[in-house]
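Protein chains in written order, with our numbering: chain A, 36 to 259; chain B, 36 to 259; chain C, 4 to 251; chain D, 104 to 469; chain E, 104 to 469. Each residue gets a CB set at the ideal place from its N, CA and C atoms; glycine is no exception. No experiment lies behind these values; they were computed from the predicted model shown.
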Amino acid sequence: MNLAPLFLSLRLAAIVSLLLVAVSLPLAAWLAFGRWRGRFLLEAVFALPLVLPPTVLGFYLLLALGPRSPLGALWQALFGHGLAFSFEGLVFASLLYSLPFAVQPLVSAFRGVDPKLLSASFVLGASPLRTFRRVVLPLSYSGLVTALVLSFAHTLGEFGVVLMVGGNLPGVTRTVSIAIYDSVQAFDYGEANRLALTLLGISFAALSVIYAVNRRVWSPWSSR
Amino acid sequence: MNLAPLFLSLRLAAIVSLLLVAVSLPLAAWLAFGRWRGRFLLEAVFALPLVLPPTVLGFYLLLALGPRSPLGALWQALFGHGLAFSFEGLVFASLLYSLPFAVQPLVSAFRGVDPKLLSASFVLGASPLRTFRRVVLPLSYSGLVTALVLSFAHTLGEFGVVLMVGGNLPGVTRTVSIAIYDSVQAFDYGEANRLALTLLGISFAALSVIYAVNRRVWSPWSSR
Amino acid sequence: SAAQPETLSIAAASDLRFAMQELAARFEQQTGNKVNVTYGSSGNFFAQIQSGAPFDLFFSADSDYPRQLVAAGLAESGTFYEYAVGRLVLWVPADSPVDVVHRGWDALLDPAIRKIAIANPQHAPYGRAAVAALKSVGIYERVESKLVYGENISQAAQFVQSGNAQVALLAYSLAVSPTLQSAGKYWEVPAAAHPPLLQAAVVLRSSPRKALAQSFLQFLKSPEGQSILRRNGFTSPAAAAAPPPGKP
Amino acid sequence: MTAALSARIRKQHRGPVGAFVLDLSVDLAPGFTIVFGPSGAGKSTLLDCIAGLERPDAGRIAAGSETLFDSAAAVNLPAQKRRIAYVFQTLALFPHLTVEENTGYGLPGLSTEERRARVAEILESFGVADLQSRKPGEISGGERQRVALARSLVTSPRLLLLDEPFSALDADLKAELFDDLRAWNATRQLPILCVTHSRDEVDALGEHMIVLDHGRIVAEGFPRDVLRAPRRKRLAVAAGFENLLQATVLDLRESDGVMRVALKDCSVELEVPLAHALPGQSIQLAIRAGDILLATEQPGGLSARNVLPGKIAALDETGAVVRVVVDCGVRFLVHITPGAVRKLGLQTGQPVWLVVKTHSCHFVAD
Amino acid sequence: MTAALSARIRKQHRGPVGAFVLDLSVDLAPGFTIVFGPSGAGKSTLLDCIAGLERPDAGRIAAGSETLFDSAAAVNLPAQKRRIAYVFQTLALFPHLTVEENTGYGLPGLSTEERRARVAEILESFGVADLQSRKPGEISGGERQRVALARSLVTSPRLLLLDEPFSALDADLKAELFDDLRAWNATRQLPILCVTHSRDEVDALGEHMIVLDHGRIVAEGFPRDVLRAPRRKRLAVAAGFENLLQATVLDLRESDGVMRVALKDCSVELEVPLAHALPGQSIQLAIRAGDILLATEQPGGLSARNVLPGKIAALDETGAVVRVVVDCGVRFLVHITPGAVRKLGLQTGQPVWLVVKTHSCHFVAD
Ligand SMILES: Nc1ncnc2c1ncn2[C@@H]1O[C@H](COP(=O)(O)OP(=O)(O)OP(=O)(O)O)[C@@H](O)[C@H]1O
Ligand SMILES: Nc1ncnc2c1ncn2[C@@H]1O[C@H](COP(=O)(O)OP(=O)(O)OP(=O)(O)O)[C@@H](O)[C@H]1O
Ligand SMILES: [Mg+2]
Ligand SMILES: [Mg+2]
């Protein structure tokens, strides 16, 4: 069993889910607390990558990242290689595709925080940023876990976008989901099963740990 | 532009997301409030379908639904046709695949409900079921919307599982995401773009309405 | 190439999978270079190459894509090479009650056959060929309602393997592959039943290893390469170009 | 007769530092029972255990003949089956329901009309009828408290638990609600357990009273007896006995029901009610600052037996009650009205006499 | 001198039924100002506006020379820039932080050590030091209230807003905290706005007082003056004047500062403080039940001028305060102690005399 794709995938999923959470935190905060009344429209826009078939999204992304697009050209000029068919390209595409899984749970968790606590924080002199870090975020812990889990798992399993944008290059963009897919295509069910079981086992272990920790952590409300 | 796949997809997504929410409500309630201490393990299990590449999950499902499996045989005996390559099979497969998107946000919303309110409900004589319906559920409204949106959009866009289990039968299992994919593969970019834009437009409209309504609805907490 | 060993990057149509494994292994042995093969749908590769995919050689499942790449200036015109012709088979699992080997097309009309798996004719060359063949023998209308469509021939085979479909129209190269050979029985569809599935390869213009790519093509054209192809279910284009028997 | 409520409870809260243990046994008759005691005494914990929201570590709780909880018999009726109405200290109104919906929450069996009628009636009597379509976030603190009360009372409980239900209400409203509550319970005769810190509420509601401290019952009985003769120092202070004095018993005059004591560290002697004590024994006395009279001339011909000469050591006029410290050898705190200060022309240093009635002197055990 | 806080505020709450309007103007000096008024009067709304949590529809709020809000100049300093400490009626402790972390929340600039020291000190002085590593869900109601107070006081505000900060505390703790608060403010001299319903708290804290009703200021001044001479009937009842009497002015004796009035529907005459009234004019009097003395023999040689003969009509001994209704032509409610009832052997039907001091009679406008 060739484990390189597995490590590649884990690396990709870890990077993507962390970046995703980093990107989604301010975005979700703005969607939840912002002033602009039309921001629900943007909320809808962020969910749209989901409704396209992944391969097709991948195809559009390929056009957007390719050397003929401004973004691709810029990247090429800056880093000497194209964004498509590179690990960075995969990261970028997965970010876009998994964004709704990170943004949505965060927005809904943020909205659930008692505004009275925000008032309390402001009255104690805390800036909106400090209030976000010290009050909103810890009280949205469970939503944060959901965001992390969904985006991590989804990135691990994603294959349409990754195949299209990454080109299935061994060691560079061949993720474990592509490798499993390939094995199935080659009727090598033994290899497919082994890889799938390993992936499931690792994922199960990781998710169990996350959930167990999540359970332990204080419930946001009083126990009485 | 052939709109049949679009309607099929919308029907599938509507059925799946509604069924999914119906299935997920008790499941998430149990995960959030149940007594069994090991239930975080099951929580991890429910997220696992996500980490497999969809086509591969579809392949395993095909085996599980096929005439040689007990489930497939039973279905065949009951309804006279196999689960694979049927709309029902698609529904079943999509349910399984999109389950984490419905369960996760609900669990995290349920956990956010102030336990003091549950106590208040019990003390007023309400059964756990009534408490769930009248207190937990309305206070988890935002999580419910997230669950619906994510599972609806994900079912619309899903294509690996659907293609494998459904066999791409026009009018029966050819969803719009498969149709777009096929058009792209056939280099019929015109048709692909038209279909994709229509799908995006409809989805955007639906999501905007959902989010707008969600925004209007009472915030669960006092405004003061 | 006495210099540093290089790595050749090949994009190959899925039906070449088993042939290519042998070819690559032999080529690596002979030259000391490494060969990385990525399998997939020719259509995808076509789109990806247009976006700058870093492949050296492209083995397509038809000859249109390479030709278009040449026309677009993305491939070296001199390297265009029709390396094989694909063949179709009717394939059933080994334990199938339907005697496809002897009954041929007639087997498709057996009541035990409820689903017939083919690759998607909209974009898969073998799918197109399958539909053409069914039409040419005049049973398309009678079996159309039994057809289910895989994304490619592998999926069509899996529909059958999982028991959900009873017969598939596959590439000959798959039917004789190590895994499927023992798992099923097949009947070769006469080449005349459909337009020839001409498969072509081309060296990409962006390749920094054109010489190595060329030498791989040379190896393919060599008797050893040709015999590997034949063993894996591909006929040579020269044989196919001869007028099919029965046609005037 | 079986008590309307009888509870034997042991319950430990395990905190990061130390542990709090509730350990008591109470039997309640129908009518009001005041639960009094300093903050952190365990009052809310007691109510939580009775309502079934906290599970006691051991004990037995029974309402009439029905066992609600019994650790020995492994009985633990869930809260929703106990038919106990409970107004939480934190209220816990449902934030997503209107005042009307909140109030009708405990009446699922009724027809819509009947429910509406009953809800309207009780909201009316609590003076919050015109808020019925507002959410809890849109009404004032006192209004919330009244809605929480209405929500509990409208059900048909067999027991009422009230955790400081009047703390956010003004005197007038309180008085009205007390009357309403009394009238409500006149026909029902439920046991009502009412937690409060307020002397007003004790005075107005109390028929029976239990005093908790550190998780234990330290006094029980009629409110005035309990409060007038506090048995413990912490409670004495909590109940507002500003003067705590060390004294030694001199002699007992059993026929008069009194005894004489000498205050420590000075020559002052007092006549106090008779107690189980022996001459020479040390005791502690508590006297309320408001129970002491102050005179500028030596008073004569009074029924009061204790008249102590002293000097004004300090005079604090910042509040509506003037706090006078009088030095009689020991220092006494005396509360008088600003009018008296003016009329008597009181000033620091002025000689005065304190008049202390025998029965204003209370014993404190510590 | 500019006032320490000056606020002109108009703010409307739009509810589903009717609207509540806060409309007032206050100028505050350093020191305690009590905000008094019935439930729903607008007290919390006023504090919310000052703190910047509610945006007034119009007006101007200034602390010293700094403008916090000015609708005309479109100034609206956000809450976190106002340096105002505010203890909410609902406390709003952070449920995920320990008592220590909650208390230190408003001190981000300090070094860890210094923060710890300051937090420990204030927790100590509020008697909750040993709870420091608990979460708000694990402490009692009164403990929560003290932590909320500590959390606000530990910052360095320029203004303190307290919304019923002592409602869940027992008398002893309250008294202690009052002293602490006074000491705390002795050096700081901040304006402190404190909402309360409790007469005790008014007495103990009040230097200045404003009375709100229906969103307007209906009285303002020294607490004892405001409460002793309530100008409005609703307030009179809220402040606990149990006896409200209709009377007609007979004659004015300006040199003595008194006048005589005749009570309506009976022959009783009273001497009351002088007021801006003319003979023949109808007025309303309020007398507290606790301010009336009761004697079983006609008293003589007293400074009190009003001695009314009557008969005991009813005697309610259920509470720690005995409520006696005396019929003197009109009925008076008198509060006395159970000891007095025993000593005087009071019984229904018995003839008694009521003694009412001139200055216990207050005017009420309605
Ligand atoms: N979940 C808990 N974990 C640990 N200790 C607790 C918990 N809940 C309460 N306590 C402690 O138990 C003691 C009793 O609490 P309780 O709430 O019963 O007091 P109380 O008498 O209602 O006080 P108050 O009048 O202030 O509301 C307190 O000292 C409190 O700190
Ligand atoms: N968000 C709101 N929408 C509509 N009306 C409101 C809102 N908030 C408060 N009110 C109403 O405004 C009035 C004043 O409320 P406020 O909370 O200021 O009263 P309060 O004086 O603090 O009363 P309490 O002593 O009961 O706390 C009340 O009648 C209340 O119902
Ligand atoms: Mg309590
Ligand atoms: Mg208020």
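Best match in T210(B), D149(B) and Y246(B) for proximity to G192(B) [C-alpha to C-alpha]: Numbered from 1 along the second sequence, position 157 holds the residue referred to as residue 192(B). The shortest C-alpha separation from G192(B) is found at T210(B).
Quick one: residues in its chain with C-beta nearer than 6 Å to the C-beta of A128(B), no 5 flanking neighbours on either side, listed in chain order? Within the second sequence, residue 128(B) is the residue found at index 93, counting from 1. Counting only Cβ-Cβ distances below 6 Å, and skipping sequence neighbours, we find L96, V196 and V200.
Count the other CB atoms within 10 Å of the CB of P198(C); is the residue buried (16 or more) or exposed (fewer)? For this step, residue 198(C) is matched to residue 195 along the third sequence. Counting the other CB atoms within 10 Å of its CB gives P198(C) a total below 16, which places it among the exposed residues.
Between N203(A) and chain C, is the shortest Cβ-Cβ distance under 8 Å, so that the two count as touching? As a position in the first sequence, residue 203(A) is number 168, starting the count at 1. At least one chain C Cβ lies under 8 Å of N203(A).
Taking only three categories from DSSP, how would you classify C152(E)? Taking the first residue of the fifth sequence as position 1, residue 152(E) is located at position 49. Correct three-state label for C152(E): helix.
Given that a residue counts as buried once 16 or more other Cβ atoms are within 10 Å of its Cβ, and exposed if not, what is A188(D)? Along the fourth sequence, read from residue 1 onward, the residue named residue 188(D) stands at position 85. The residue in question, A188(D), is buried, as its Cβ has 16 or more Cβ neighbours within 10 Å.
E216(E) and L234(E): beta carbons closer than 8 Å? In the fifth sequence, residue 216(E) corresponds to position 113, counting from 1. In the fifth sequence, residue 234(E) corresponds to position 131, counting from 1. In this structure, L234(E) does not lie closer than 8 Å to E216(E) by Cβ.
For E85(C), does the three-state DSSP call read helix, strand or coil? Locating residue 85(C) in the third sequence gives position 82, counting from the first residue. In the structure shown, the three-state DSSP call for E85(C) is strand.
Keeping to the same chain, check which residues put their C-beta closer than 6 Å to that of K213(C); ignore five residues upstream and five downstream. Here residue 213(C) refers to the residue found at position 210 when the third sequence is read from its first residue. Hits under 6 Å: V206.
Leaving aside the five residues before and after G187(C) along the sequence, list all residues of the same chain whose C-beta is less than 8 Å from its C-beta, in chain order. One-based indexing of the third sequence puts residue 187(C) at position 184. Taken in chain order, the residues that qualify are W94, V95, P96, A97, S99, V163 and A178.
Would you say V146(E) touches ligand 2, meaning its beta carbon is less than 7 Å from a heavy atom? Here residue 146(E) corresponds to residue number 43 of the fifth sequence, with the count starting at 1. The displayed chain sequence assigns Lys, not Val, to residue 146(E). Within the cutoff, so yes.
Between the stretch 185-210 of chain E and chain D, which residues of the former have a C-beta closer than 8 Å to a C-beta of the latter? Q192 and T193
Taking the alpha carbon of A365(E) as the point to measure from, which residue in L200(E), R356(E), S385(E) and D160(E) has its own alpha carbon closest? By 1-based counting over the fifth sequence, the position of residue 365(E) is 262. When each option's Cα is compared against that of A365(E), the closest is S385(E).
Given 8 Å, three or more beta-carbon pairs between the stretch 290-299 of chain E and the stretch 255-270 of chain E: yes
Mind checking if S154(A) is an interface residue toward chain E, Cβ cutoff 8 Å exclusive? Along the first sequence, one-based indexing puts residue 154(A) at 119. Interface residue, yes.
For T351(D), report the span of its alpha helix (DSSP H) as first-last. As a working mapping, residue 351(D) is identified with position 248 in the fourth sequence. Where T351(D) is concerned, there is no enclosing alpha helix (DSSP H), although the beta strand (DSSP E) it sits in stretches over N346 to R356.
Taking just the CA atoms, how far does A182(E) sit from P140(B)? For the purposes of this step, residue 140(B) is taken as the residue at position 105 of the second sequence. For the purposes of this step, residue 182(E) is taken as the residue at position 79 of the fifth sequence. Answer to the nearest angstrom: the Cα atoms are 33 Å apart.
Which first and last residues belong to the beta strand (DSSP E) in which I242(E) is found? Here residue 242(E) is taken as the residue at index 139 of the fifth sequence, counted from 1. Note, I242(E): premise wrong, no beta strand (DSSP E); not H, not E.
Ignoring anything shorter than 4 residues or poking outside the stretch 139-214 of chain D, list the alpha helix (DSSP H) runs there in chain order. 146-154 and 202-207
Straight-line Cα distance separating L180(D) from L41(B): Numbered from its first residue, the second sequence carries residue 41(B) at position 6. Numbered from its first residue, the fourth sequence carries residue 180(D) at position 77. Spanning the two alpha carbons is a distance of roughly 54 Å.
Using a cut-off of 7 Å between C-beta atoms, extract the partners of K258(D) located in chain B. Residue numbering aside, residue 258(D) sits at position 155 when the fourth sequence is read from its first letter. Per the sequence presented here, residue 258(D) reads as Thr, with Lys not at that position. Ordered by position in chain B, the residues that pass the 7 Å Cβ test against T258(D) are L159 and G160.
Going by CA-CA distance only, name the one from G318(E), R158(E), G240(E) and F135(E) that's closest to E310(E). In the fifth sequence, counting from the first residue as 1, residue 310(E) sits at position 207. Between E310(E) and the set G318(E), R158(E), G240(E) and F135(E), the nearest pair of CA atoms involves F135(E).
Out of curiosity, what's the CA-to-CA distance linking V58(B) and E9(C)? In the second sequence, counting from the first residue as 1, residue 58(B) sits at position 23. In the third sequence, counting from the first residue as 1, residue 9(C) sits at position 6. Answer to the nearest angstrom: the Cα atoms are 55 Å apart.
What three-state label does DSSP hand F21(C) in the structure shown? Here residue 21(C) refers to the residue found at position 18 of the third sequence. F21(C): helix per DSSP, three-state reduction.
Use the C-beta contact count for E94(D): other C-beta atoms within 10 angstroms, 16 or more gives buried, fewer gives exposed. Nothing can be reported for residue 94(D): it is not among the residues displayed for chain D, which extend from 104 to 469.
Can you list, in chain order, the residues of its chain whose CB lies under 6 Å from that of Y152(C), leaving out five sequence neighbours each side? The residue given as residue 152(C) occupies position 149 in the third sequence. Hits under 6 Å: N123.
What are the start and end residues of the alpha helix (DSSP H) that includes H189(B)? In the second sequence, the residue the question calls residue 189(B) occupies position 154. Y176 to G192 is the span of the alpha helix (DSSP H), which, as asked, contains H189(B).
Looking at E345(E): is its Cβ nearer than 8 Å to the Cβ of A392(E)? Locating residue 345(E) in the fifth sequence gives position 242, where the first residue counts as 1. Locating residue 392(E) in the fifth sequence gives position 289, where the first residue counts as 1. A392(E) is positioned such that its CB atom lies closer than 8 Å to that of E345(E).
Go to N288(E), then tell me how far its beta strand (DSSP E) extends in each direction, as first and last residue. On the fifth sequence, residue 288(E) is found 185 positions in, with the first residue counted as 1. Counted as a single uninterrupted DSSP element, the stretch harbouring N288(E) is not any beta strand (DSSP E) but the alpha helix (DSSP H) occupying residues A274 to R291.
So, with DSSP's three-state summary, where would you put L405(E)? Mapped onto the fifth sequence, residue 405(E) falls at position 302. Here L405(E) scores only 44 on pLDDT, less than 50, and its place in the model should not be relied on; the value that follows carries that caveat. If DSSP states are grouped into helix, strand and coil, L405(E) belongs with coil.
Residues near A241(A) in its chain [Cβ-Cβ closer than 8 Å; skip 5 each side]: Reading the first sequence from its first residue, position 206 is the one you call residue 241(A). Counting only Cβ-Cβ distances below 8 Å, and skipping sequence neighbours, we find F187.
Name, going along the chain, the residues of the stretch 223-236 of chain B whose beta-carbon falls closer than 8 Å to a beta-carbon of chain C. Listed by position along the chain: nothing, the set is empty.
Roughly how many whole angstroms lie between the Cα atoms of L133(B) and A171(C)? Taking the second sequence and counting its residues from 1, the one referred to as residue 133(B) is at position 98. Taking the third sequence and counting its residues from 1, the one referred to as residue 171(C) is at position 168. Sequence check: residue 133(B) is Ser here, not Leu. Whole-angstrom Cα-Cα distance: 30 Å.
Are the C-beta of Y152(C) and some C-beta of chain B separated by less than 8 Å? In the third sequence, the residue the question calls residue 152(C) occupies position 149. Taking Cβ atoms only, chain B reaches closer than 8 Å to Y152(C), which makes this a yes.
Starting from the Cα of C152(E), find the closest Cα among S142(E), P412(E), R163(E) and G143(E) and give me that residue. By 1-based counting over the fifth sequence, the position of residue 152(E) is 49. Comparing Cα positions, the closest option is R163(E).
State yes or no: is the C-beta of Q192(E) nearer than 7 Å to some heavy atom of ligand 4? The residue given as residue 192(E) occupies position 89 in the fifth sequence. Yes, ligand 4 has a heavy atom inside 7 Å of this Cβ.
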